[in-house]
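Below is one structure; the comments refer to it alone.
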Amino acid sequence: MSLASAASGTDQETLTRLGREFLKSTKARWLMILDNVDKWYHAESFVPMKTSVTMGSILITTRHQGLTAPSRPIDYYRQNLEELTNSEGRDLLLHGSALRKDAAVARSKFHLSIILTAQNGGKPPEEAQALARESRDVLSRLLVYDDIQGVREEDASALFDHLQPVFGGRWTETRLLKYVP
634 MSLASAASGT DQETLTRLGR EFLKSTKARW LMILDNVDKW YHAESFVPMK TSVTMGSILI
694 TTRHQGLTAP SRPIDYYRQN LEELTNSEGR DLLLHGSALR KDAAVARSKF HLSIILTAQN
754 GGKPPEEAQA LARESRDVLS RLLVYDDIQG VREEDASALF DHLQPVFGGR WTETRLLKYV
814 P
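Numbering-wise (this note's numbering), the sequence shown opens with residue 634 and increments by one.
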């Protein structure tokens, strides 16, 4: 599915119209997510007029219990949910993600590189440098997730518990977890 680029400088109204036309005419399945909508008319301007004849779905989130469509589409339904805790939100965000598996491997490689460097008198051997490079991209993505989800210090220390038996040491309770022999 591809939406042709509009000319530079095209106004917001034209871009919105082009987007609506595209969603109405495409044969591919699509999902539009409108997050934190306060008033129905804010959402209405972005969605195709008859979503029931398109291949798409629209998910609207709001904190306003009374928000509803003035004329309900045929396939309209509403689900009231309670706000998620930080832990539930983090689990939902990462659920099923390949990032979870990558995270364990990347963190292990990163901390192994720190251990190898420490064992070599603070000078990183080639093997430690290679491990650090391999883990850098995944760890940088994880730091963003951690910041978004508000991971607390005590939560962060548990992320490395699986390494304790491997290295025979323990992890401190600090944000940047250090190996303590």
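Built from N, CA and C at the ideal position, the CB exists for glycine as well.
- Message: Mapping the DSSP letters down to three states, classify LEU651 as helix, strand or coil.
- Response: helix
- Query: With distances taken from CA atoms, which of ALA765, LYS672 and LEU717 is nearest GLY699?
  - Reply: LYS672
- Message: Closer than 8 Å is the cut-off here; do at least three beta carbon pairs connect the segment 641-649 with the segment 658-672?
- Response: no
- Rounded C-alpha distance that separates GLY755 from LEU745: 13 Å
- Message: Within a Cβ cutoff of 7 Å, which residues of the same chain sit near THR687, ignoring the five residues on either side of it in sequence?
- Response: LEU656, LYS657 and PRO681
- Message: On the DSSP letters alone, give me the boundaries of the beta strand (DSSP E) that MET665 sits inside.
- Response: 663-667
- Message: By the three-class DSSP mapping on this structure, what secondary structure does LEU717 have?
- Response: coil
- Just mark ALA761 as buried or exposed, buried being the case when its beta carbon has 16 or more other beta carbons within 10 Å. buried
- Message: Please classify LYS683 as buried or exposed, where buried requires at least 16 other C-beta atoms within 10 Å of its C-beta.
- Response: exposed
- Neighbourhood of SER641 by C-beta distance below 6 Å, restricted to the same chain and skipping five residues each side: none
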